[in-house]
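Remarks on the structure that follows.
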Amino acid sequence: MTMIFDMALHPAALFLGAALLLACVRFGFLRRVLLLGTPLAALAAASRLPEVFGHLQYLGLDIVFGRVDPLARSFLYVLIVFAGLGALYGLQVRSRTRQAAAFAYAAGCTGAVLAGDFLSLFVFWELMAFSSVFLIWGGSPRSAAAGFRYILLHAAGGLVLLAGILLRARSGAPLTFGLLAVDGMTLPDMLVLTGFLLNAAVPPLHAWVADAYPEAAPDAVVFLCAFTTKVGVYVLARGFAGLEILAPLGAAMALIAVGYAVVETDARRILAYHIVSQVGYMVCAIGIGTELALNGACAHAFSNIVNKGLLFMGVGAVVLQTGRGRLHELGGLVRLMPLTLVLTMVGGLAISGLPLTGGFVSKSMVISALEQAHRPGLELMLMLAAIGTFLSVGIKLPLFIWFGSPKTVYSTERPPGDPPLTMLLAMALTAGLTLAAGVFPGLMRALLPFPESCPVYTPAHVSHTLQLLAATAMGFYVLRRFLEPKPGILLDVDWLYRCGATLLMRLCSGPLNRLNDWVGELYQRAGVGPVQEASEGLTRFDRSGIDGFIDGLACRTLEAGDILRRIQTGKIQHYIGGAVIFFFLLLIIVMLH
Amino acid sequence: MIGMNMVKRLKVVPAVCIAFLLAGAAVDIAGASGGHAGPLAFPGFWSLFGLVGCLFLAGACKLAAHVLKRPETYYDDDL
């Protein structure tokens, strides 16, 4: 009974219950109450959660559905708050499937964050993967194929994670979800790490973000951008903090992804690459592993959820209102969508790390952690990534969407304008959060899991950031013609499985098919033909030889039997006569000798 | 070219940027190098790094895009 009561308070249970109701309820008012009320109820429940709850003994295994330590609690709050903002943004949406999937997705994320053991983590991990694919489907015409690729990849990642968990269990290691690879990396740890890296979109397992997210509907991508990769960051911070390889991997990830964003032309693909790039900062800080670095990683995850969500909301509004998402098809929206511009710019500047925004506070913490750890190489790589961020999201994105003259003619019957009030309200609240976190850094610090901190508004940090941003703006001014968006798509690692599958199909239907035909012909001629002839010969031999001999023998035996039957007349005088003849014949033979 | 008219009108952009860069260099000279040492602590290092980094990043990315860019229907053709 206590278990049931415990689980009823679990935020994941609240979201899951709401998702089931949203899938069934048609009445608009009730749906809106569910969409806005559930995150509030989940937030209230989260604030009252005990340190451990939902403890279950099953088949000798300890399953803990709720482990609420500072790290889990901080991620939990941010995810729930953003689920509320996402729900507000999508309040006008009429798709019951998407709304239900969004809350099931939120249930998976909150459940994964609270999971105290690997088995419950895996259950919520899979719930997250399978509910999020419904957010991708139903977007652009390409979303069906992108969704299938997404779920295949995540199902494979889930299986790798499960393999790691089962191997851990087999080796006798506890299934409690804590710090792994403490005494060196074992095979199960490597498998678990691979599963986590896929969700955190660490290269070369990153291409699914830019493949799937831009194809989702604008309201759906707001949830997608905030959840999966950040839960990936959470599990890395809990399981692999201080794993050295993550530091250079994260810095490289930030640079590679931002490089794609600089030359990408689809607005939502630019943002998708920025998800990967910003997660790179977090992964790098997790690899450093000090308390300040982990605080920096968490702070950057929180600010990125808010900033990236705001950017996707703004760009999503543009896509909704104009039906276009590529930079070379947009432009001139400043008078048509001014409020959207202002709010999106807040997100763009925040993610670029401008002072007085949440992005500045979190980036300063990550950079300070690198300074403390004496890692100038990694610091320079992340600063270079910061340049690319400002170049692509702070300048290029708003410039080519809102300014200049329109590159294509917008609809005159339904000219684009700022989105509905609920969308603007969601964007304004999200922008307010990032500004509040920037102006009052203490608000963000209060959420962080460790007490270790550093001053962020130092003259050096502010000066270096402003120098970097101003120099980047100068650079863009010089290169503005060079950086104009051109139509086209960029190949990424997903080419391997997108074209790889096509190439495999062509290989099967072409050369392999011909080889199969040739082998069939060879078999027919060299194998089946001679065997058939030999078989016919043997049949003939069987019929004329074996059967002839056996049949002849049988016939002769039958004839002999017939003769014997005739001889045996049953009359005594015949037998006596026969015996006398035999006796005389014998006598003649003896006499002749 | 579309979108650039606005930039052309904003002649103040370079001036504002230079002002920020000079102010940043002044703060550096005043002794605010943060936790840095060596070349990273030189006054104006981050201005130079920002400018060179921007030019390098834009050039390198354009070069990579030259190799990696395909028509928008590239994957659709295969489907």
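Keeping their order, the protein sequence lines are chains L and Y.
The numbering of the first sequence is the working numbering, which starts it at 280 and goes up by one.
The numbering of the second sequence is the working numbering, which starts it at 2 and goes up by one.
Cβ coordinates follow ideal geometry from the N, Cα and C atoms, glycine included.
About 15 Å separates the CB atoms of L:L466 and L:L438; that is not less than 8 Å, and the two are not in contact.
By the CB criterion at 8 Å, L:A533 and L:Y552 fall outside the cutoff. Inter-residue distance for Y:A26 and L:P738 is about 11 Å (C-alpha atoms, whole angstroms).
Taking CB atoms only, Y:F43 has no neighbour in chain L less than 8 Å away.
Chain-order list of chain Y residues neighbouring L:T751: G51, C55, by C-beta distance under 7 Å.
For L:L335, there is no enclosing alpha helix (DSSP H); the enclosing beta strand (DSSP E) has its first and last residue at 331-337. Out of L:G808, L:A386, L:G711, the CA that lies nearest to the CA of L:L288 is found in L:A386. Per DSSP, reduced to three states, the secondary structure at Y:K70 is strand. In this structure, L:L414 is the residue among L:T691, L:L414, L:A442, L:A452 with its C-alpha nearest to the C-alpha of L:A491. Taking 8 Å as the CB threshold, L:L663 lines the interface with chain Y.
Going by DSSP, L:L609 is part of no alpha helix (DSSP H) at all; its letter is neither H nor E. Three or more Cβ pairs closer than 8 Å define a contact, and the segment 672-691 of chain L falls short of that threshold against the segment 330-337 of chain L. Of L:S643, L:A536, L:D468, the smallest CA-CA separation from L:V514 is found for L:D468. Between L:R693 and L:D545, the alpha-carbon positions lie close to 23 Å from each other. Using a CB distance cut-off of 8 Å, L:L670 counts as an interface residue toward chain Y. Listed along chain Y are L58, A61, C62, A65, each with a C-beta nearer than 8 Å to that of L:G538.
Between L:L522 and L:A460, the gap from beta carbon to beta carbon is short of 8 Å. Under DSSP, L:L769 takes part in a beta bridge, and its partners are Y:K70.
Around the CB of L:H872, fewer than 16 other CB atoms lie within 10 Å, so the residue is classed as exposed. Proximity of Y:K70 to chain L, defined by a Cβ-Cβ separation below 8 Å, is satisfied. Here L:D341 carries a strand assignment [DSSP, helix/strand/coil]. By the criterion of at least three beta-carbon pairs nearer than 8 Å, the segment 308-321 of chain L is in contact with the segment 362-369 of chain L. Between the alpha carbons of L:L786 and Y:Y76 lies a distance of about 18 Å.
Closer than 8 Å to the CB of Y:V14 there is at least one CB belonging to chain L.
Residue environment for L:E815: exposed (fewer than 16 other C-beta atoms within 10 angstroms of its C-beta).
L:T465 sits in coil when the DSSP states are folded into three classes, being neither helix nor strand.
If only uninterrupted alpha helix (DSSP H) runs of at least 4 residues are considered, those enclosed by the segment 621-668 of chain L are 637-651, 655-668. Going by DSSP, L:V555 is part of the alpha helix (DSSP H) stretching over 546-567. Three or more pairs of CB atoms, one per stretch, sit closer than 8 Å, so the segment 660-667 of chain L contacts the segment 51-63 of chain Y. According to the DSSP secondary-structure assignment, L:R346 is paired through a beta bridge with L:V331. The shortest C-alpha to C-alpha distance from L:G463 to any of L:G518, L:G637, L:A480 is the one to L:G518.
Closest in C-alpha terms to L:A383, from the list L:R547, L:F354, L:L314, comes L:L314. Classified as exposed, L:K765 has fewer than 16 neighbouring CB atoms from the shown chains inside 10 Å of its CB. When DSSP states are grouped into helix, strand and coil, L:R603 belongs to the coil group. Distance from the CA atom of L:L659 to the CA atom of L:P617, rounded to whole angstroms, is 36 Å.
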